[in-house]
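Notes to accompany the following structure.
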Amino acid sequence: MSDIQHSILFVEDSTDTRELVEYTLRQEGFQVTTAQTGDDGLKLASANSYALILLDVGLPDKDGLELCREIRKFDLQTPVLLYTAFADLLDSEEAKAAGAQGCLRKPEDTSRLASVIRTFVEQSDEQTSKKLV
């Protein structure tokens, strides 16, 4: 994987969750950039390229669905996963309509979270490779 394929943007307002997920993903070989607010996440997403964007749904300034829609205005390629304690309440069709590829429940077993992220990154890489051929 190239550096961009290792790079994850994680937007999460909870310090404990942000630090735990960041640590786990770094242990799995990913480079992780974090943001605490939707506005900061949007700025990072628009200024950089990531292999995957992981969004908390309950951010203090905007919800993850809104943030996903805003990211999709300029980036249609990068996989986006929503990360929420309320996965049962989140309508999967609404998440897909916002541009997300999936939704993961907090607190997800962090090793499983890393595995799911790796799968999405590898699938995205395969699609990119096919486009280049």
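Under this note's numbering, think of the first position of the sequence shown as 113, with each following residue one higher.
In this text, a Cβ means the ideal position worked out from N, Cα and C, and glycines have one as well.
Note that the structure is predicted; figures quoted are calculated from it, not measured.
By the Cβ neighbour-count rule, residue 168 is buried, with 16 or more other Cβ atoms within 10 Å of its own. The Cβ-Cβ distance between residue 150 and residue 171 falls below 8 Å. By alpha-carbon distance to residue 217, the top candidate from 195, 133, 230, 175 is 195. Buried is the label assigned to residue 142, since at least 16 other Cβ atoms lie within 10 Å of its Cβ. If you check the CB distance, residue 229 and residue 162 do not come in under 8 Å.
Within its own chain, the residues whose Cβ lies closer than 7 Å to the Cβ of residue 144, once the five positions on either side in sequence are excluded, are 120, 122, 134, 137, 138, listed in chain order. The residue from 187, 178, 182 with its alpha-carbon nearest to that of residue 160 is 187. Judged by beta-carbon spacing, residue 232 lies beyond the 8 Å limit of residue 177, meaning their Cβ atoms are not closer than that value. Residue 215 and residue 225 do not touch by the CB rule: their CB atoms are close to 12 Å apart, not below 8 Å.
For residue 153, the uninterrupted alpha helix (DSSP H) segment begins and ends at 150-159.
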